[in-house]
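*Asks:* Below you'll find the structure I mean.
2 protein chains.
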Amino acid sequence: MVKENEVPTSLEWRVNMPDGSSRILAPESRQTSKFISRLQGLVMGIVLNIRGFLDKAWSLAVNEPKKVVHCFKVGLALSLVSVFYYMRPLYDGVGGNAMWAVMTVVVVFEYTVGSTLSKCVNRAIGTCLAGSLGIGVHWVASHAGDKFEPVILQASVFLLAAATTFSRFIPTIKARFDYGAMIFILTFSLVSVSGYRVDKLVELAHERISTIAIGTSICVFITMVLCPVWAGTELHHLISNNLEKLADSLEGYAAENFRVVGSKNVHEKDSSKRLQGYKCVLNSKVAEETMANFARWEPAHGKFSFRHPWKQYLKIGASMRSCAYCIETLHAGINSNNETPEFLKKPLNDACMRLGTSSSKVLKELSSMIKTMKNSTKLDILVDEMNSSVEGLQKALKTFPIHQHIPTPDPATAEVPSGIEEPSVTPTVLLLMKIVQMATLTSLFVEIASRIEGIVEEVKELATQAEFRDENSKKSKQTQTNPNEKDGNEHEVTMKTLQKV
Amino acid sequence: MVKENEVPTSLEWRVNMPDGSSRILAPESRQTSKFISRLQGLVMGIVLNIRGFLDKAWSLAVNEPKKVVHCFKVGLALSLVSVFYYMRPLYDGVGGNAMWAVMTVVVVFEYTVGSTLSKCVNRAIGTCLAGSLGIGVHWVASHAGDKFEPVILQASVFLLAAATTFSRFIPTIKARFDYGAMIFILTFSLVSVSGYRVDKLVELAHERISTIAIGTSICVFITMVLCPVWAGTELHHLISNNLEKLADSLEGYAAENFRVVGSKNVHEKDSSKRLQGYKCVLNSKVAEETMANFARWEPAHGKFSFRHPWKQYLKIGASMRSCAYCIETLHAGINSNNETPEFLKKPLNDACMRLGTSSSKVLKELSSMIKTMKNSTKLDILVDEMNSSVEGLQKALKTFPIHQHIPTPDPATAEVPSGIEEPSVTPTVLLLMKIVQMATLTSLFVEIASRIEGIVEEVKELATQAEFRDENSKKSKQTQTNPNEKDGNEHEVTMKTLQKV
Chain E
1 MVKENEVPTS
11 LEWRVNMPDG
21 SSRILAPESR
31 QTSKFISRLQ
41 GLVMGIVLNI
51 RGFLDKAWSL
61 AVNEPKKVVH
71 CFKVGLALSL
81 VSVFYYMRPL
91 YDGVGGNAMW
101 AVMTVVVVFE
111 YTVGSTLSKC
121 VNRAIGTCLA
131 GSLGIGVHWV
141 ASHAGDKFEP
151 VILQASVFLL
161 AAATTFSRFI
171 PTIKARFDYG
181 AMIFILTFSL
191 VSVSGYRVDK
201 LVELAHERIS
211 TIAIGTSICV
221 FITMVLCPVW
231 AGTELHHLIS
241 NNLEKLADSL
251 EGYAAENFRV
261 VGSKNVHEKD
271 SSKRLQGYKC
281 VLNSKVAEET
291 MANFARWEPA
301 HGKFSFRHPW
311 KQYLKIGASM
321 RSCAYCIETL
331 HAGINSNNET
341 PEFLKKPLND
351 ACMRLGTSSS
361 KVLKELSSMI
371 KTMKNSTKLD
381 ILVDEMNSSV
391 EGLQKALKTF
401 PIHQHIPTPD
411 PATAEVPSGI
421 EEPSVTPTVL
431 LLMKIVQMAT
441 LTSLFVEIAS
451 RIEGIVEEVK
461 ELATQAEFRD
471 ENSKKSKQTQ
481 TNPNEKDGNE
491 HEVTMKTLQK
501 V
Chain S
1 MVKENEVPTS
11 LEWRVNMPDG
21 SSRILAPESR
31 QTSKFISRLQ
41 GLVMGIVLNI
51 RGFLDKAWSL
61 AVNEPKKVVH
71 CFKVGLALSL
81 VSVFYYMRPL
91 YDGVGGNAMW
101 AVMTVVVVFE
111 YTVGSTLSKC
121 VNRAIGTCLA
131 GSLGIGVHWV
141 ASHAGDKFEP
151 VILQASVFLL
161 AAATTFSRFI
171 PTIKARFDYG
181 AMIFILTFSL
191 VSVSGYRVDK
201 LVELAHERIS
211 TIAIGTSICV
221 FITMVLCPVW
231 AGTELHHLIS
241 NNLEKLADSL
251 EGYAAENFRV
261 VGSKNVHEKD
271 SSKRLQGYKC
281 VLNSKVAEET
291 MANFARWEPA
301 HGKFSFRHPW
311 KQYLKIGASM
321 RSCAYCIETL
331 HAGINSNNET
341 PEFLKKPLND
351 ACMRLGTSSS
361 KVLKELSSMI
371 KTMKNSTKLD
381 ILVDEMNSSV
391 EGLQKALKTF
401 PIHQHIPTPD
411 PATAEVPSGI
421 EEPSVTPTVL
431 LLMKIVQMAT
441 LTSLFVEIAS
451 RIEGIVEEVK
461 ELATQAEFRD
471 ENSKKSKQTQ
481 TNPNEKDGNE
491 HEVTMKTLQK
501 V
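Protein sequence lines correspond, in order, to chains E and S.
164 is the number that full-length UniProt numbering gives to position 164 of the first sequence; each next residue is one higher, with no gaps.
477 is the number that full-length UniProt numbering gives to position 477 of the second sequence; each next residue is one higher, with no gaps.
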């Protein structure tokens with residue numbers, strides 16, 4: 001069998017042969033042009049790839065200038081530490097081990113102050129512990145005779161490395177001392193192994209500790225003085241921003257679902273971006289935990305004391321996620337609810353819109369409460385409003401005028417299933433199927449409202465633990481006219497701040 | 001002002017003074033006993049803490065013996081690498097830089113083969129790139145004159161460190177080459193800085209590369225030969241286990257909600273643990289991404305080829321999570337549904353139970369399909385069954401005999417809201433409120449079923465990409481009697497495997 005595309009090529013070849021070399025060149029030049037076009041394609045591909053990469057990098061740099069500043073801080077720290085190499089007197093003092101200072105800076109310098117501090121402390125403690133233990137084991141081994149010395153050293157390395165590696169799997173250790181455990185293994189092996197040769201262990205230890213001290217102090221100085229990025233502050237902003245995103249999503253969905261037909265939003269793209277905000281909340285668990293973990297290492301800064309209740313932020317995050325799960329389900333429900341006829345939606349529209357708006361207001365108030373770290377006087381009013389909207393929605397459902405809005409039966413959907421012969425059932429049956437969708441949506445909104453109350457509780461707990469200030473005197477005077485609107489929790493906070501004054 | 005608890009102590013003191021030293025001893029011995037009891041408390045607290053810690057560690061070791069094996073592997077690798085120190089000939093060859101081999105082992109040896117390989121490759125590439133670049137910069141600097149040499153070196157360290165640190169923020173680089181970037185900065189600074197003093201750069205580079213080669217080869221050998229833990233296999237098991245957990249949760253919720261009154265589950269604790277299974281799915285995103293990232297570095301092993309579609313597992317994970325969000329909402333709905341009267345639940349009980357069971361069966365089939373890596377002949381039948389259960393549930397809702405089960409009006413709930421005067425509305429109104437809860441639950445089950453179809457699509461895509469085998473011939477003969485039950489996707493797979501034969 002001859003394949004189609006083979007035929008013309010071989011024919012051309014035979015015809016050209018007697019005519020001379022000029023014809024033979026034709027396929028060659030075609031090959032060359034093919035090669036060139038391929039090369040062009042390859043180069044273009046690479047150029048496009050690099051361009052895309054640079055575009056990404058540029059947008060990252062524009063969106064998060066703090067990260068660019070961090071990069072220059074790393075460069076500065078490394079330049080500073082390498083000065084120790086260039087200045088002879090220091091070089092003679094610290095010796096060839098200045099390498100450890102460079103290494104410390106590279107390994108320890110992290111984006112936030114908390115993570116840098118945690119690594120510094122871990123490195124220092126790990127090195128000291130392992131160094132002293134290594135020297136101890138070495139002393140024991142050197143007194144055990146030449147035969148047993150390598151055995152003791154090897155066995156101790158094996159056992160301690162295995163035990164410390166195992167400890168890194170235990171969650172509490174992993175969260176706080178993972179890096180320290182690694183440094184412990186490293187230092188212990190280096191000390192107990194190199195001790196066999198060098199015999200100047202104490203001097204070595206002294207040198208290493210002093211170089212590590214130089215490295216860590218440079219890191220700590222630069223990270224805390226030049227545009228510091230505090231893990232605690234980042235966590236604080238993350239939580240209050242996420243609350244706002246949840247509020248936006250919820251408001252957006254209420255508007256999307258219960259808006260009057262024909263009145264489309266002007267900025268479709270903007271609104272869809274706002275609707276997707278809750279997705280940030282769904283995936284922020286790991287980020288929150290990491291930040292809370294690092295925040296605990298940080299000293300008092302800005303509005304935060306040393307013992308700021310960072311763990312409470314994790315609880316707020318968890319209750320926010322449980323609310324976001326509901327919004328995710330709502331998202332699916334809304335797509336299927338588009339088919340619900342307007343006459344069914346109308347009676348509930350107002351109540352649902354009110355619930356959506358009032359619960360999003362509560363979330364926004366919580367967000368601004370965290371942002372300003374002030375107790376809100378409006379919060380309880382807003383929560384009451386949300387609860388009364390829930391009751392309003394439930395009342396609207398109860399008084400839903402079924403018998404007033406019976407549609408003219410659609411022949412496609414009005415098929416009465418066999419077995420039911422009463423014709424009077426049909427309109428209710430019809431209605432029921434459509435009510436199911438409405439009911440799902442409304443009860444999701446009610447569920448979301450109850451989960452928002454969970455968030456309110458957690459934020460109030462944070463306000464108590466972190467001793468949020470009251471709002472300025474002008475506003476607090478206004479609230480004195482309605483003292484009944486405060487609940488016990490808020491009273492407690494007020495009492496505490498009063499006692500301080 | 002005298003504080004209350006100060007008074008008796010000072011009184012006692014004055015009374016005792018004239019009686020002699022025997023009375024004075026009383027408070028002292030009391031202090032001593034206080035001190036002892038405090039010390040006892042402290043020691044007991046520490047002992048209890050340590051005991052709790054050891055208990056945790058023990059249960060971790062029992063539950064995950066693989067991790068214990070990993071610890072001994074680390075110990076073994078370190079012992080092996082320290083042998084290079086003890087053997088003189090090797091010591092003279094590799095020199096004092098054998099430290100780098102130890103360091104490589106400590107830093108590079110990770111739990112899974114993939115992460116170890118990725119770190120090894122990163123370390124090797126980072127070192128080589130930075131080493132050659134460092135030597136290049138050093139050559140340029142040494143030809144620029146004594147004045148400019150430190151300036152050029154410092155500037156290059158500053159700029160390259162800043163640029164590389166920035167690249168670590170870009171997600172694609174962070175996911176695959178984060179460690180390599182760090183090693184690049186480290187090596188470049190060390191080379192360009194130490195070159196100023198040592199003047200034996202090429203020799204130094206040679207030594208470092210050879211020691212790193214020793215370290216990495218020991219790590220790779222041990223991690224791949226002794227009880228290897230493959231990231232790919234772990235991801236594979238994680239996904240199939242999570243599918244099973246979802247199935248268990250779903251089945252459990254269906255049983256919990258629609259079981260006959262009075263028939264409580266025998267193992268309450270077991271069942272609540274099974275119900276919570278979906279929570280593992282909610283929080284497994286980061287673990288899945290990390291494992292998929294490491295799995296790409298692994299060579300072919302077991303049933304997995306080098307180019308196994310690991311990314312597809314992430315898609316399956318995402319669709320599983322979207323299903324888990326719905327189950328989470330269901331979880332809340334069920335608590336509120338406990339009040340729904342039995343006569344209302346009964347007509348829908350069967351349909352809901354059937355849907356819950358059939359969708360959990362689909363999930364279990366998907367799980368076993370992934371576990372065995374074989375195409376399932378039953379899958380499409382089960383999906384059809386699930387879809388017909390959805391239709392059945394919708395039919396049951398349509399034929400819901402409203403007028404047959406009207407309860408005797410409860411005075412507490414039968415309050416007719418003002419504005420509605422028709423007494424005939426009341427029973428429907430009553431029913432409506434309770435139907436809303438039922439409706440929410442049933443439509444959540446329907447939504448879950450539709451999301452399970454999403455999982456089915458993703459798993460089928462995996463089956464196509466990873467070329468799952470067909471089930472054994474005996475079963476495939478059985479299916480030949482029902483050829484119409486296969487869909488296009490499965491046909492494709494069959495065709496591919498047939499072409500291979």
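We put the CB at the ideal spot given by N, CA and C, even for glycine.
Just so you know, these numbers come straight off a predicted model, no measurement behind them.
Anything in chain E within Cβ reach of Gly75 (chain S), meaning under 9 angstroms, just list it in chain order.
*Replies:* By one-based count along the second sequence, residue 75 (chain S) stands at place 75. Those within 9 angstroms of Gly75 (chain S) in chain E are Val157, Phe158, Leu159, Leu160, Ala161, Ala162, Ala163, Thr165.
*Asks:* Run down chain B in chain order and give the residues with a C-beta less than 7 angstroms from the C-beta of Glu207 (chain E).
*Replies:* Of the protein chains in the structure, E and S, none is chain B.
*Asks:* Taking the alpha carbon of Ala98 (chain E) as the reference point, which residue from E:Ile212, E:Leu379, E:Lys398, E:Val140 has its own alpha carbon closest?
*Replies:* Numbered from its first residue, the first sequence carries residue 98 (chain E) at position 98. Nearest C-alpha to Ala98 (chain E): E:Ile212.
*Asks:* How many angstroms separate the CA atom of Ile46 (chain E) from the CA atom of Asn387 (chain S)?
*Replies:* One-based indexing of the first sequence puts residue 46 (chain E) at position 46. One-based indexing of the second sequence puts residue 387 (chain S) at position 387. Each residue's Cα considered, the two are about 48 angstroms apart.
*Asks:* When the Cα of Tyr278 (chain E) is compared with those of E:Leu382, E:Glu298, E:Ser389, E:Gly252, which residue comes out closest?
*Replies:* One-based indexing of the first sequence puts residue 278 (chain E) at position 278. Comparing Cα positions, the closest option is E:Gly252.
*Asks:* I'd like to know if Tyr325 (chain E) contacts chain S, where contact means its C-beta is closer than 8 angstroms to some C-beta of that chain.
*Replies:* Within the first sequence, residue 325 (chain E) is the residue found at index 325, counting from 1. Output row for Tyr325 (chain E): interface = yes.
*Asks:* Sort E:Ala254, E:Tyr111, E:Gly131 by Cα distance to Lys73 (chain E) and report the nearest one.
*Replies:* If you number the first sequence from 1, residue 73 (chain E) lands on position 73. Measuring from the Cα of Lys73 (chain E), the nearest candidate turns out to be E:Tyr111.
*Asks:* List, in chain order, every chain E residue whose beta-carbon is nearer than 8 angstroms to that of Thr440 (chain S).
*Replies:* The residue you call residue 440 (chain S) lines up with position 440 of the second sequence. In chain order: Ala439, Thr440, Ser443, Leu444.
*Asks:* Which same chain residues end up closer than 6 angstroms to Ala351 (chain S) when comparing Cβ atoms and leaving out the 5 residues on each side of it in sequence?
*Replies:* Your numbering for residue 351 (chain S) matches position 351 in the second sequence. Result list for Ala351 (chain S): Gly392, Leu393, Ala396, in chain order.
*Asks:* Nearest by alpha-carbon distance to Leu250 (chain S): which of S:Ser59, S:Arg274, S:Pro228, S:Gly114 is it?
*Replies:* For the purposes of this step, residue 250 (chain S) is taken as residue 250 along the second sequence, with counting starting at 1. Checking every option, the nearest Cα to that of Leu250 (chain S) belongs to S:Arg274.
*Asks:* Under 7 angstroms Cβ-Cβ, which residues of chain S neighbour Phe169 (chain E)?
*Replies:* Here residue 169 (chain E) refers to the residue found at position 169 when the first sequence is read from its first residue. Residues of chain S passing the Cβ test: Leu60, Lys67.
*Asks:* Does the distance from the C-beta atom of Glu385 (chain S) to that of Ser376 (chain S) stay below 8 angstroms?
*Replies:* Position 385 of the second sequence, counted from the first residue, corresponds to residue 385 (chain S). Position 376 of the second sequence, counted from the first residue, corresponds to residue 376 (chain S). No; because the gap between Cβ atoms is not below 8 angstroms, this pair is not in contact.
*Asks:* Who are the near neighbours of Asp178 (chain E) in its chain, counting only those whose CB is closer than 7 angstroms to its CB and skipping five residues on each side?
*Replies:* Translated into the one-based positions of the first sequence, residue 178 (chain E) becomes position 178. The answer, listed in chain order, is Arg168.
*Asks:* So that I know if they touch, is there some Cβ in chain E lying closer than 8 angstroms to that of Asn49 (chain S)?
*Replies:* Residue numbering aside, residue 49 (chain S) sits at position 49 when the second sequence is read from its first letter. Cβ-Cβ to chain E under 8 angstroms: no for Asn49 (chain S).
*Asks:* Could you name the residues of the same chain whose beta carbon sits closer than 7 angstroms to that of Ala144 (chain E), not counting the 5 residues immediately before and after it, in chain order?
*Replies:* Within the first sequence, numbered from 1, the residue matching residue 144 (chain E) stands at position 144. Cβ within range, chain order: Ile152.
*Asks:* Starting from Ser79 (chain S), find everything on chain E with Cβ-Cβ shorter than 7 angstroms and list it in chain order.
*Replies:* Walking along the second sequence from the start, residue 79 (chain S) turns up at place 79. In chain order: Gln154, Val157, Phe158.
*Asks:* If you drop the 5 nearest sequence neighbours on each side, which residues of the same chain put their C-beta closer than 7 angstroms to that of Lys245 (chain E)?
*Replies:* For the purposes of this step, residue 245 (chain E) is identified with residue 245 of the first sequence, where counting begins at 1. So the qualifying residues of the chain are Gly277, Tyr278, Cys280, Val281.
*Asks:* What residues of chain S sit near Lys56 (chain E), judged by a beta carbon separation below 9 angstroms?
*Replies:* The sequence position of residue 56 (chain E) within the first sequence is 56, counting from 1. Ordered by position in chain S, the residues that pass the 9 angstroms Cβ test against Lys56 (chain E) are Ile170, Pro171, Thr172.
*Asks:* Give me the chain E residues within the contact set of Glu352 (chain S), using Cβ-Cβ distance strictly less than 7 angstroms, ordered along the chain.
*Replies:* The residue given as residue 352 (chain S) occupies position 352 in the second sequence. Reading off the sequence, residue 352 (chain S) comes out as Cys, not Glu. Within 7 angstroms Cβ-Cβ: nothing; Cys352 (chain S) doesn't reach chain E, min ~13 angstroms.
*Asks:* Nearest-angstrom Cα distance between Phe184 (chain E) and Thr104 (chain S)?
*Replies:* One-based indexing of the first sequence puts residue 184 (chain E) at position 184. One-based indexing of the second sequence puts residue 104 (chain S) at position 104. So the two alpha carbons sit approximately 14 angstroms from each other.
*Asks:* Is Gly52 (chain E) buried or exposed, if buried means 16 or more other CB atoms sit within 10 Å of its CB?
*Replies:* Within the first sequence, the letter at position 52 stands for residue 52 (chain E). Answer is exposed; the Cβ neighbour count stays below 16.
*Asks:* Report the neighbours of Ala144 (chain S) on chain E: residues whose CB is nearer than 7 angstroms to its CB, in chain order.
*Replies:* Taking the first residue of the second sequence as 1, we reach residue 144 (chain S) at position 144. Within chain E, no residue comes near Ala144 (chain S); the closest Cβ sits about 16 angstroms away, beyond 7 angstroms.
*Asks:* Mapping the DSSP letters down to three states, classify Lys374 (chain S) as helix, strand or coil.
*Replies:* Translated into the one-based positions of the second sequence, residue 374 (chain S) becomes position 374. In this structure, Lys374 (chain S) counts as strand in the three-state DSSP scheme.
*Asks:* When you check each C-beta in the region 212-228 of chain S against every C-beta of chain E, which residues fall closer than 7 angstroms?
*Replies:* Cβ contacts with chain E: none found.
*Asks:* To which residues of the same chain is Thr329 (chain S) closer than 7 angstroms at the C-beta, ignoring the five residues directly before and after it?
*Replies:* Your numbering for residue 329 (chain S) matches position 329 in the second sequence. Only Leu444 meet the Cβ criterion.
*Asks:* Show which residues of chain E have a CB atom less than 9 angstroms away from the CB atom of Met291 (chain S).
*Replies:* Along the second sequence, read from residue 1 onward, the residue named residue 291 (chain S) stands at position 291. Here the premise fails: no neighbours, minimum Cβ distance about 14 angstroms.
*Asks:* Have a look at Ala77 (chain E) and Val106 (chain E) and give me their C-alpha separation to the nearest angstrom.
*Replies:* To locate residue 77 (chain E), count along the first sequence from 1; it is residue 77. To locate residue 106 (chain E), count along the first sequence from 1; it is residue 106. Distance between the alpha carbons of Ala77 (chain E) and Val106 (chain E): 9 angstroms.
*Asks:* Return the chain-ordered list of same chain residues with a C-beta closer than 8 angstroms to the C-beta of Thr116 (chain S), the five sequence neighbours on each side being excluded.
*Replies:* For the purposes of this step, residue 116 (chain S) is taken as residue 116 along the second sequence, with counting starting at 1. Excluding residues within five positions, the ones whose Cβ falls inside 8 angstroms are Val108, Phe109, Glu110, Cys219, Val220, Thr223.
*Asks:* So which of S:Val68, S:Glu298, S:Gly131 has the shortest CA-CA distance to His308 (chain S)?
*Replies:* By one-based count along the second sequence, residue 308 (chain S) stands at place 308. The option with the nearest alpha carbon to His308 (chain S) is S:Glu298.
*Asks:* Identify the contact partners of Phe72 (chain E) in chain S, using a Cβ-Cβ distance below 7 angstroms as the criterion.
*Replies:* Here residue 72 (chain E) refers to the residue found at position 72 when the first sequence is read from its first residue. In chain order: Ala162.
*Asks:* For Arg469 (chain E), write down the residues that DSSP places opposite it in a beta bridge.
*Replies:* Here the question's residue 469 (chain E) lines up with position 469 in the first sequence. Answer is E:Lys374.
*Asks:* What does a CB cutoff of less than 6 angstroms around Ile125 (chain E) pick up in its chain, not counting 5 residues either side in sequence?
*Replies:* Working through the first sequence from its first residue, we reach residue 125 (chain E) at position 125. Within the same chain, Ile125 (chain E) has close Cβ partners Gly180.
*Asks:* Tell me which same chain residues have a C-beta within less than 7 angstroms of the C-beta of Glu461 (chain E), skipping the five on either side of it?
*Replies:* As a first step, residue 461 (chain E) is located in the first sequence; it is residue number 461 there, counting from the start. These residues qualify, in order along the chain: Gln312.
*Asks:* Within its chain, find whatever has a CB closer than 8 angstroms to the CB of Ile448 (chain E); leave out the 5 residues flanking it on each side and keep chain order.
*Replies:* Within the first sequence, the letter at position 448 stands for residue 448 (chain E). Around Ile448 (chain E): Leu250, Cys323, Cys326, Ile327, Leu330, Ser359.
*Asks:* Kindly indicate which three-state DSSP category His206 (chain E) falls into: helix, strand or coil?
*Replies:* For the purposes of this step, residue 206 (chain E) is taken as residue 206 along the first sequence, with counting starting at 1. Residue state, collapsed to three classes: helix.
*Asks:* According to the neighbour-count rule (16 or more other Cβ atoms, all chains shown, within 10 Å of its Cβ), is Lys361 (chain S) buried or exposed?
*Replies:* For the purposes of this step, residue 361 (chain S) is taken as the residue at position 361 of the second sequence. That one is buried.
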